[in-house]
Amino acid sequence: MTIFPPIPASSGVLQPGTPAAQLAPLASRPLFCQKIPAGFPSPAADYTEKGLDLNTFMVQHKEASFFFKVVGMSLSGVGILDGDIVLVDRSVTAAHGHYVLAVIDGEYTLKRLYRQHGVIELHPENPAFKPIRLVEGNELQVWGVVTGVVRKLRV
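With our numbering as the guide, the letters of the sequence shown map in order to residues 1085 to 1239.
The structure is reproduced here in structure tokens:
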């Protein structure tokens, strides 16, 4: 098994979605600082404490972060669904338990990284899929760590 360092962003191996560094600042939206248990804010709380810019909220490392569209249901058990957009940060060092964008023998996949007792596995979060155990001869590159998920709800 060969474990490579992360793929350089300039490699051209992967054509990611929108680089976070190219995102224009969003118009800041009001952030109501009142806890709501799946209801509406109280009419009495018609003030806001600060605004919320989703780019600032989601992206910690602008130059190293990229958005990707998810295809498949292997992470549905943790709420990452087909059609969702994931934010992948290349500056975060992948550790045991992180969700990662990995390249195994040239194939890209989103899975949870398990690294214990010298064994490396990539686990789905859906019982319909099997874990991928890396063995001698496999090549693994961790492209980045998933740090966020974006989804539009159907209305």
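Ideal Cβ placement from N, Cα and C applies to all residues, glycine included.
Computed from a predicted structure; not experimentally measured.
Residue i, enclosing alpha helix (DSSP H) - first and last residue
i	result
Thr1177	Neither: Thr1177 is in no alpha helix (DSSP H) and is coded neither H nor E.
For residue i, the first and last residue of its enclosing beta strand (DSSP E)
i	result
Leu1185	1183–1188
Leu1237	Taken as a continuous stretch (DSSP letters only), Leu1237 belongs to no beta strand (DSSP E), as it is neither H nor E.
Leu1136	1134–1136
Exposed unless 16 or more other CB atoms sit within 10 angstroms - verdict on residue i
i	result
His1207	buried
Trp1227	buried
Val1170	buried
Ile1087	At Ile1087, the pLDDT of 45 sits below 50, so the modelled position is not reliable; the number obtained from the coordinates is stated separately. Label assigned to Ile1087: exposed.
Leu1136	exposed
Arg1174	buried
Val1172	buried
Val1230	buried
One or two residues paired with residue i in a DSSP bridge
i	result
Leu1159	Answer by DSSP bridge pairing: none, since Leu1159 is not bridged.
Leu1206	Leu1197, Ile1216
Val1230	Val1172
Close beta carbons around residue i, own chain, < 6 Å, minus the five adjacent residues each side
i	result
Asp1168	Val1154, Val1233, Arg1235
His1145	Asp1173, Ser1175
Ala1178	Val1184, Leu1197, Val1226, Val1229
Proximal residues to residue i (C-beta, below 8 Å), its chain only, five neighbours per side dropped
i	result
Tyr1192	Leu1098, Leu1185, Ala1186, Trp1227
Glu1209	Ser1158, Leu1159, Ser1160, Gly1161, Val1162, Ile1164, Arg1196
His1180	Leu1197, Tyr1198, Arg1199, Gln1200
Nonlocal neighbours in the same chain, by C-beta distance under 7 Å from residue i, ignoring five residues either side
i	result
Gly1156	Asp1166
Val1239	none
Asp1189	Asn1222, Glu1223
Exercise. Are three or more beta carbon pairs between the stretch 1196–1204 and the stretch 1166–1186 nearer than 8 Å?
Worked result: yes
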